[in-house]
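Asks: Below: one structure in structure tokens.
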Amino acid sequence: MLKLMKYDLKRSKDLILGTFVVLILIQVGIFVAAEVSNWDNESMLIMHLVTYIVGGMVLLFQACRTYNYNLKAYHRRLLPLREVYTVLSPLLMFFILLLGITAMVLIHLGLYAIFDAEVLPVNLWSFAFVGLYLVHWSACFQLILLLLAVTVARSISFKGRKWIGIATFFVMQFGVTLLGRWIFGSVNYSFDSALQFQLSDEASRSNGGVSVSGEAFPVLATLFEVGVAVVVVYVITILIKRRMDA
57 MLKLMKYDLK
67 RSKDLILGTF
77 VVLILIQVGI
87 FVAAEVSNWD
97 NESMLIMHLV
107 TYIVGGMVLL
117 FQACRTYNYN
127 LKAYHRRLLP
137 LREVYTVLSP
147 LLMFFILLLG
157 ITAMVLIHLG
167 LYAIFDAEVL
177 PVNLWSFAFV
187 GLYLVHWSAC
197 FQLILLLLAV
207 TVARSISFKG
217 RKWIGIATFF
227 VMQFGVTLLG
237 RWIFGSVNYS
247 FDSALQFQLS
257 DEASRSNGGV
267 SVSGEAFPVL
277 ATLFEVGVAV
287 VVVYVITILI
297 KRRMDA
């Protein structure tokens with residue numbers, strides 16, 4: 057599996073390196089624009105955050121694209137590999153790249169903490185662990201659902217399979233959320249919770265900074281999503297095996 061991941065990284069290195077370089081340049085541009093135009097801290101932090109999210113999405117779809125290439129590439133069928141490795145390789149690649157973006161974020165926050173600590177939310181570090189976990193897990197869970205959608209689309213041969221793959225993703229996304237809320241009640245799921253935070257000057261004017269707030273750690277929902285992810289990966293491996301045997 058590690059050899060497959062290294063092969064995929066090597067094949068995608070130009071886009072990956074380009075993504076990280078562009079992220080750095082945009083972040084520098086945001087900082088310069090904020091200084092020149094005298095943006096408030098909230099607006100600048102939101103722009104930084106949106107840039108990192110877009111970068112993560114680019115890497116997400118690159119991992120999905122890599123998986124799609126591996127499914128249809130004939131030379132991969134000749135390699136003696138287990139079906140589950142075909143799934144885990146892009147997943148591990150994406151997780152490592154996500155850690156790379158996380159490292160950029162932490163370095164970025166560290167620079168602000170050293171040179172301009174007033175820019176950072178006053179309660180950032182109390183929210184950081186849960187926030188990072190939710191972002192990482194929700195991104196990986198979304199990738200697993202995308203891999204299922206790609207596999208379903210590649211497993212059928214008639215017209216409209218792309219739309220069937222897209223429908224599979226959205227049905228699974230909303231189906232998992234609705235089923236989980238029906239079982240556990242009104243709880244927050246990782247994908248929702250990762251996006252449910254607020255930056256506010258109002259809440260922290262007495263402290264002279266920005267405040268960040270978010271949801272608590274969704275334990276039951278996370279365990280439920282992990283179970284769903286395991287089942288989805290198993291289904292994907294079955295579909296891959298049938299595709300290879302066809």
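Residue numbers (this note's numbering): 57 to 302.
For each residue, glycine too, the CB sits at the ideal point set by N, CA and C.
(1) Please determine, among F171, L153, Y123, the residue with the shortest C-alpha to C-alpha distance to A209.
(2) Which residue marks the beginning of the alpha helix (DSSP H) containing V227, and which one marks its end?
(3) Determine, using beta-carbon pairs with one atom in the region 113-128 and one in the region 91-100, whether at least three such pairs fall under 8 angstroms.
(4) Which residue comes first and which comes last in the alpha helix (DSSP H) that contains R298?
(5) For T207, collect the residues of the same chain with a Cβ closer than 6 angstroms to its Cβ; drop the 5 residues on either side in sequence, then sort them by chain order.
(6) Below 8 angstroms, can you find three or more Cβ-Cβ pairs linking the region 154-171 to the region 214-234?
(7) Skipping 5 residues on each side, what residues in its chain have a beta carbon closer than 6 angstroms to that of L79?
(8) With respect to the alpha helix (DSSP H) encompassing D70, which residues constitute its N-terminal and C-terminal limits?
(9) Does the separation of the CB atoms of Y125 and V161 fall below 7 angstroms?
(10) Look up A129 in the DSSP assignment and say whether it is helix, strand or coil.
(11) Can the beta-carbon of M149 be found closer than 7 angstroms to that of M61?
(12) Since T75 and V114 are thought to touch, with beta carbons under 8 angstroms apart, how far apart are those beta carbons, to the nearest angstrom?
(13) Ends of the alpha helix (DSSP H) at M57?
(14) Can A277 and G236 be called in contact, C-beta distance under 7 angstroms?
(15) Helix, strand or coil for D64? Go by DSSP, reduced to three states.
(16) Under three-state DSSP, which class holds R210?
(17) With 16 other CB atoms within 10 Å as the buried threshold, where does A129 fall?
(18) When burial is assigned at 16 or more other CB atoms within 10 Å of the CB, is S213 buried or exposed?
Replies: Considering the structure as presented:
(1) Y123
(2) 217-240
(3) no
(4) 275-301
(5) I292, L295
(6) no
(7) G111
(8) 69-93
(9) no
(10) coil
(11) yes
(12) 5 angstroms
(13) From DSSP, M57 is part of no alpha helix (DSSP H); its letter is neither H nor E.
(14) yes
(15) helix
(16) helix
(17) exposed
(18) exposed
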